[in-house]
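Protein chains in written order, with this note's numbering: chain P, 1 to 292; chain S, 293 to 584; chain C, 585 to 876; chain R, 877 to 1168; chain B, 1169 to 1460. Single-structure report; data block below.
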Amino acid sequence: MIVTATPGIKQIVREVWKPLALLFVWDVIVTATYFIIPFTAPSLPLTLFGSALVLFLGFRSNSAYQRWWEGRGLWGLMINASRNLARQARNLLPEEAREAKRAIVLHQIAYVHALRCQLRRQKPDTDVTRFLSKGDPALARANIANGLLDGTGRRIDDARRRGWIDTIQQAAMEAVLVDIANAQGGMERLKNTPLPVQYRFFPTLFTHLMCLLLPIGLVETMGLATPLGSTVAGLMFLAVLAIGDDLVDPFDNSPHDLPLSAMCRTIEIDLLQAIGDPAPPPLAPDKAGILW
Amino acid sequence: MIVTATPGIKQIVREVWKPLALLFVWDVIVTATYFIIPFTAPSLPLTLFGSALVLFLGFRSNSAYQRWWEGRGLWGLMINASRNLARQARNLLPEEAREAKRAIVLHQIAYVHALRCQLRRQKPDTDVTRFLSKGDPALARANIANGLLDGTGRRIDDARRRGWIDTIQQAAMEAVLVDIANAQGGMERLKNTPLPVQYRFFPTLFTHLMCLLLPIGLVETMGLATPLGSTVAGLMFLAVLAIGDDLVDPFDNSPHDLPLSAMCRTIEIDLLQAIGDPAPPPLAPDKAGILW
Amino acid sequence: MIVTATPGIKQIVREVWKPLALLFVWDVIVTATYFIIPFTAPSLPLTLFGSALVLFLGFRSNSAYQRWWEGRGLWGLMINASRNLARQARNLLPEEAREAKRAIVLHQIAYVHALRCQLRRQKPDTDVTRFLSKGDPALARANIANGLLDGTGRRIDDARRRGWIDTIQQAAMEAVLVDIANAQGGMERLKNTPLPVQYRFFPTLFTHLMCLLLPIGLVETMGLATPLGSTVAGLMFLAVLAIGDDLVDPFDNSPHDLPLSAMCRTIEIDLLQAIGDPAPPPLAPDKAGILW
Amino acid sequence: MIVTATPGIKQIVREVWKPLALLFVWDVIVTATYFIIPFTAPSLPLTLFGSALVLFLGFRSNSAYQRWWEGRGLWGLMINASRNLARQARNLLPEEAREAKRAIVLHQIAYVHALRCQLRRQKPDTDVTRFLSKGDPALARANIANGLLDGTGRRIDDARRRGWIDTIQQAAMEAVLVDIANAQGGMERLKNTPLPVQYRFFPTLFTHLMCLLLPIGLVETMGLATPLGSTVAGLMFLAVLAIGDDLVDPFDNSPHDLPLSAMCRTIEIDLLQAIGDPAPPPLAPDKAGILW
Amino acid sequence: MIVTATPGIKQIVREVWKPLALLFVWDVIVTATYFIIPFTAPSLPLTLFGSALVLFLGFRSNSAYQRWWEGRGLWGLMINASRNLARQARNLLPEEAREAKRAIVLHQIAYVHALRCQLRRQKPDTDVTRFLSKGDPALARANIANGLLDGTGRRIDDARRRGWIDTIQQAAMEAVLVDIANAQGGMERLKNTPLPVQYRFFPTLFTHLMCLLLPIGLVETMGLATPLGSTVAGLMFLAVLAIGDDLVDPFDNSPHDLPLSAMCRTIEIDLLQAIGDPAPPPLAPDKAGILW
């Protein structure tokens, strides 16, 4: 996620110069053609077409934004649930269960890192394995995060069997595990369900068509100013189109996705401090102003 | 659900060539007529009509998308709840209840397959019966999935009667059953409640009318370019109309519905691995890029 | 609710022929007047007026649809909660409480029928009284459904007093009663709260005004085609207006309301089969394709 | 809230005649001026300005409606929670706690009346004090309703101390108190948080500006029909503006607010009948069709 | 938050005079140029550009408003949860635990003040430290509010260990802590997640471009009235743009943010009165009508 208050001109230029240049070249070609072989092109269909396109693109970028924001909300729930789990582990389990407390909290840290890797389609990195024993059975599961959560459930039930907590306290902790499982399920839903194919294909097709038609419709009235005018208008349509593409997958490991690494670090700090361990500093944006 | 990043040109062509051809033929007829018997047709009502139609279609495809997305969300809840049930069965029930654990988990797998068949209006297939005994009373119920859930509730209460779990643990598991029943109820609501009849009838009527009127309104200003212009504009309206039709029933067993089979397989894998059984591989999209 | 895939032409014609005829007559009058006493009428205000009207109508039919859909969702919750109550009654209460189980389930069936009658402003019919004893105190309450729910609460507490369930199991069942009460409250909210008066008055006023002004604004440019053009455009505005009226009260006992009778029957079937009783068949749409 | 099916013409005329008259006078002045000193005024900026204004007003009346509907939803939750509290008080507490049951139910009635007075910025009326003893400590609190809820919590805990209910039943009742506190908090949020200042200032400014500019922009094309045309168009903008003002504060003791008194009476009836006391009749709309 | 019913003209003028003046100067320059060196500039692209811009700005101010309103909702939940915690502390804990009750309530007051400071990126002020002992371990945490919540959890568990409450009552109080943690997490999510960069960059760019193009497109038809007309239209676009900037961060310590200080004071009053302590008066708006 780009977090600089105003994105650097560089960043913007780097992203849009290519379509901008193509657009401008096309607009110049059309204008030149018009002055060589004049043609007439009424603007009415452009207006009709434009208003339908605006609706289409508006809906799509709206949906993409909602997916992005839902993804952020789900990670927010994950942060909350991790804190709740740590607070309960620390407070509900007795002094003598010091080791079990630590294990629950450290496995939760491993869990969020594992989930991050799964969502970004990466192999589990050292952040995952750091807090796990080598032979942890979760590592053999297709869904490692799921396996780690099962392990936490087992640890909590083990605490009950030893008489450290009663079934009511277990139920309270189990409710937090349900929150965690639900947040994970929601993230996997976003990851595994692209927008319907129509919203991936038609907006792109129609936007590019619009960019092609714009100078043809405008040249008669705008004359030599056509390349400028239709490049600016075309840029706006391309910008809205790009928003849809950038936000639609919030866990994509691109500059526009959500800062999963930073959020995992936040959880790590909160949880380590909750059990009194030293914590690493929070992640900072890189030089380009991107927080990963 | 079509999951290929960019849908094949073939797929798109196959879906739209028919209306496109019809549209083009009509546009050519109108244009030809105009050059034989010139007529005048002002464009104002087209603009008025068009903007009202855009609103109408926009609302409809929006509602259809929300139904589709809600259907996906409900299946997501089902995946989460199934995992929660399996985790609780495994952790809360004692070692000696090994058979009861397995029964709860395997019946949950049968449950989601039965629900899938019900939603797609299919007979229960072998995936349903595979994990059930022949005389399971649920198979005689009008709503088989419901009967299976009742059976799971009975199994959990049986565990309580034997003293394997106490009533608090039972309440925690019962809360998961409530989640499952609510998700199922939501899916049946989507399946059994079509959009209001006005949203099924009028958008189709008005869109087709628009396609008929488009060349008449445009021919005076566009001349020979009319067939091209009004086919493109008409295609856009037809595309938005089609989205509504494709997404409105997310459990329809069509290329545009939700991948219920793949999600049931995901649940099967997660649950089998949770009890340490060998699991089948996840479902992959077919050659046309469709995940069922 | 009209459930036929494509509504019969008859149904549609029956609903719209009256305004359509009136509209056409007016359009013909205006056109005739124009050819007798020519007048000029610019179209700009029509465009301005039209776009504001589209916004107004769009908002209203959107709100009406949301009320309709919320009503359906609340009945969905009622179906779920009824199933949950039946499952818990059957599983949590012991064998010896056979009569109490039956009473809870049968009273729940009476409850949903009573609620249906209340929402449709009908007297409680035989479906309500069928499962109740004559002197049931609930029948004397202003809100019969409420009284029946209180009775179920009493029956559950009675089961606790006899030692059939403990307070934890009672709390689980009480939570389902809270769900039921909340769904009922939501339905009564929809029934008792019409749209704000402005949304009932102004859209109707402005739509009718628009239909009056349409031919005046169009006749100058459309000439003899005016009656056709402005009737079609007017029909669209009237159609959107009608949607708002049809959907705004989802419990209205009209062809466009929700199929409460059919949903009550669904609950009846599910609950009777859950206690092993014979169940009636589901309700089918009537000849006109309407499911009540 | 105005509940008559179609609001009386009187009511509408009374509300809009003033701006309507002012608007008409201004339109006549502009038209007269035009015929004395002709001026040219292009209509393009009017269209641009109009479409931006429509967006602005649309958003505002949408937000206002959502606040109004959320306010209604919160009172709906209050009705549900009051019923749940009464049902639990009656069923969970034993026969011997007859006085405690009555006290909890009657204090809940006082509570909703106190909340109604607070939201309408009125002093607590006799409906509040009717069921309270003179020296009730809640009456000394800044937030009386809050104090009454604390009292109910104390009464429930007292029942537990006497052994009438156990802590599980207490937890169930406490959960209802949390529901009540949340509904109250939501209502206070709506009451204390006006729309952002921009949405209060700019829409009014721009709408009035629009009304001033309308005849200037239209007179050239509409001639003598200008006063009529621009009064009608202006009325529409004023109507949408008024909706925002009317609905934005749903607890305002105006004809357009929510019927708090009637809803409090509904709660009173339900609760008194639940404990077998005689109940007053429901409130009816006054002669002007307004339900307070 | 500005709470005066109608914001002072001063306030508005102070905020908008700068862009207004710049806009006007530019409009005058363009108009003057036109009368010196006439040029032609068609208005069509302006309409197209304008409608796309309206969509863009509309979406952005909509999102900003939703963030602002969600922020308010989360603080509302915090107020509710604080009241619930105080009520439970007072009622569930026995008389002898007087000190523990006070500690829980006073720490909750410190907690909301700490959270306010964190959200506004301020150092914890005396309102935070007033109720804390010097060596409170929470003050050493990166997230002080989090540390205070952990402390409350410990105090509640301590009450259980001493036998003042049982685990069921503890679970009820723990559920309130989960509510508090979730509200805090939601606020931090809003604070730490700006709108996607595209919504920060492009709307500003395109709005400024629009203001530059407006007089060029209008001067041909509006002549000498251009500066007036395009300043008014430009002001509207700038106003909508400003709304987005003002509301996007609801915890910003600016005149347009949420009144966190006032809400913390509300909590302080409610909680102090709940334990019978003297409470300060509520915060009032300052002379400029701003409630902080």
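Just so you know, even glycine gets a beta-carbon here, dropped at the ideal spot from N, CA and C.
When the options are compared against residue i, the one with the closest alpha-carbon
{"i": "A517(S)", "options": "T226(P), P227(P), L213(P)", "result": "L213(P)"}
{"i": "V587(C)", "options": "L842(C), T777(C), I859(C), Q857(C)", "result": "L842(C)"}
{"i": "L1287(B)", "options": "L1242(B), I1324(B), T1434(B), N1252(B)", "result": "L1242(B)"}
{"i": "R1270(B)", "options": "V1280(B), H1281(B), Y1279(B), A1257(B)", "result": "A1257(B)"}
{"i": "L312(S)", "options": "I582(S), V322(S), P519(S), W584(S)", "result": "P519(S)"}
{"i": "S878(C)", "options": "D829(C), Q782(C), L844(C), G801(C)", "result": "Residue coverage of chain C in this structure runs from 585 to 876, which leaves residue 878(C) outside it and unanswerable."}
{"i": "V600(C)", "options": "I827(C), L632(C), R725(C)", "result": "I827(C)"}
{"i": "A817(C)", "options": "P330(S), C556(S), L345(S), A475(S)", "result": "L345(S)"}
{"i": "Q273(P)", "options": "N1252(B), P1305(B), T1201(B)", "result": "P1305(B)"}
{"i": "G223(P)", "options": "W26(P), M1(P), A140(P), Y34(P)", "result": "Y34(P)"}
{"i": "A1018(R)", "options": "P1446(B), V1198(B), A1456(B), G1244(B)", "result": "P1446(B)"}
{"i": "V197(P)", "options": "D245(P), L77(P), M1(P)", "result": "D245(P)"}
{"i": "R481(S)", "options": "L641(C), F623(C), E654(C)", "result": "E654(C)"}
{"i": "P622(C)", "options": "G770(C), S717(C), T805(C)", "result": "T805(C)"}
Beta-bridge pairing of residue i - partner residues as DSSP gives them
{"i": "I290(P)", "result": "I2(P)"}
Exposure of residue i, with buried meaning 16 or more beta-carbon neighbours within 10 Å
{"i": "F1299(B)", "result": "buried"}
{"i": "I1032(R)", "result": "buried"}
{"i": "I79(P)", "result": "buried"}
{"i": "R1330(B)", "result": "exposed"}
{"i": "P416(S)", "result": "buried"}
{"i": "S1229(B)", "result": "buried"}
{"i": "A392(S)", "result": "buried"}
{"i": "F633(C)", "result": "buried"}
{"i": "E387(S)", "result": "exposed"}
{"i": "I561(S)", "result": "buried"}
{"i": "Q1045(R)", "result": "buried"}
Cβ distance (whole Å) where residue i is taken to contact residue j below 8 Å
{"i": "L385(S)", "j": "I472(S)", "result": "No, L385(S) and I472(S) are not in contact; Cβ-Cβ is about 18 Å, not under 8 Å."}
{"i": "P250(P)", "j": "R67(P)", "result": "6 Å"}
{"i": "L527(S)", "j": "T496(S)", "result": "Contact doesn't hold; Cβ gap of about 16 Å is too wide."}
{"i": "T1069(R)", "j": "R1240(B)", "result": "5 Å"}
{"i": "L931(R)", "j": "C1087(R)", "result": "Wrong, their Cβ atoms sit about 17 Å apart, outside the cutoff."}
{"i": "A464(S)", "j": "E174(P)", "result": "5 Å"}
Contact set for residue i: own chain, Cβ-Cβ below 7 Å, skip 5 residues either direction
{"i": "L1439(B)", "result": "S1250, A1254, V1273, Q1276, I1277"}
{"i": "A389(S)", "result": "A451, W456"}
{"i": "A114(P)", "result": "P124, V128, I144, A145, L148"}
{"i": "L177(P)", "result": "L149, T152, G153"}
Per-residue contacts from residue i into chain A (C-beta, under 9 Å)
{"i": "F1078(R)", "result": "Although the question refers to chain A, the structure presented lacks it and instead comprises the protein chains P, S, C, R and B."}
Cβ neighbours of residue i in the same chain (closer than 6 Å, five flanking residues each side left out)
{"i": "P1453(B)", "result": "V1171, L1459"}
{"i": "L238(P)", "result": "P19"}
{"i": "L539(S)", "result": "A356, Y357, W360"}
{"i": "I267(P)", "result": "I79, S82, V112"}
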